[in-house]
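Chemist:
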Amino acid sequence: DTGILQGGIDQIALMKPITKAQIQVEEPDEVPKALQKAIRIALSGRRGPVYLEFRETALVRKATDDADKNILPPEKYRPFNRPNGGPDEIKCVVETLKTAKRPLLIAGGGGNRFRCLRRTKNSL
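Residue numbers (the working numbering): 67 to 190.
(1) Could you check which residue in Arg106, Tyr117 and Cys158 has the C-alpha nearest to that of Thr85?
(2) Kindly indicate which three-state DSSP category Leu118 falls into: helix, strand or coil?
(3) Pairs of beta-carbons, one from the segment 90-105 and one from the segment 131-139, closer than 8 Å: are there three or more?
(4) Between Pro115 and the rest of its own chain, which residues show a CB-CB distance below 8 Å, the 5 nearest in sequence each way excluded?
(5) Taking buried to mean at least 16 other C-beta atoms within 10 Å of its own C-beta, is Val126 buried or exposed?
(6) For the putative contact between Met81 and Gln88, defined by C-beta atoms under 8 Å, what is the C-beta separation to the nearest angstrom?
(7) On the CB-based measure, 16 or more other CB atoms within 10 Å of its CB, does Ala104 come out buried or exposed?
(8) Leaving out the 5 sequence neighbours to the left and right, which residues in its chain are closer than 6 Å to Ala129 when beta-carbon positions are compared?
(9) Arg106 and Arg144 - do their beta-carbons sit closer together than 8 Å?
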């Protein structure tokens with residue numbers, strides 16, 4: 067769908083190949099839920115961008131007095147399912163890598179973000 071703010075371009079379709087999700091906000095009362103959904107999707111699984119499209123109606127209409135009831139505390143919409151190993155598991159992995167004949171460690175981008183790869187290399 068295209069609108070005046072989108073300049074006649076279907077931006078949802080444009081963003082589909084480069085985002086995890088595309089969310090269109092039609093009304094001001096939808097903004098809190100849309101933002102919470104976008105954050106949940108962006109941070110779940112493999113992190114990635116989410117496109118939010120605000121239609122003109124969402125920007126010019128006044129939100130109802132009940133709109134703030136849609137705002138949840140962060141723990142209700144942010145994912146907390148990140149894997150992490152305890153000290154015993156980490157020691158086991160390090161020992162296995164140290165004794166391996168041809169060790170191979172494959173790590174995702176999160177390893178760089180938290181400097182885990184450097185610490186792991188220094189541990190070996």
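Just so you know, even glycine gets a beta-carbon here, dropped at the ideal spot from N, CA and C.
Modeler: Taking the structure as given:
(1) What you label residue 85 is simply residue 19 of the sequence shown in a count that begins at 1. Nearest C-alpha to Thr85: Tyr117.
(2) Taking the sequence shown and counting its residues from 1, one reaches residue 118 at position 52. It is a strand residue.
(3) yes
(4) Locating residue 115 in the sequence shown gives position 49, counting from the first residue. Ile84, Thr85, Lys86 and Ala108.
(5) Residue mapping note: residue 126 aligns to position 60 of the sequence shown, counting from 1. Val126 comes out exposed.
(6) Here residue 81 refers to the residue found at position 15 of the sequence shown. Here residue 88 refers to the residue found at position 22 of the sequence shown. Between Gln88 and Met81 the Cβ distance is about 5 Å, and since that is below 8 Å, they are a contact.
(7) Against the sequence shown, residue 104 aligns to sequence position 38. Within 10 angstroms of the beta-carbon of Ala104 lie 16 or more other beta-carbons, which makes it buried.
(8) One-based indexing of the sequence shown puts residue 129 at position 63. Cβ within range, chain order: Pro94 and Asp95.
(9) Counted from its first residue, the sequence shown places residue 144 at position 78. Counted from its first residue, the sequence shown places residue 106 at position 40. A contact, by the Cβ cut-off of 8 Å.
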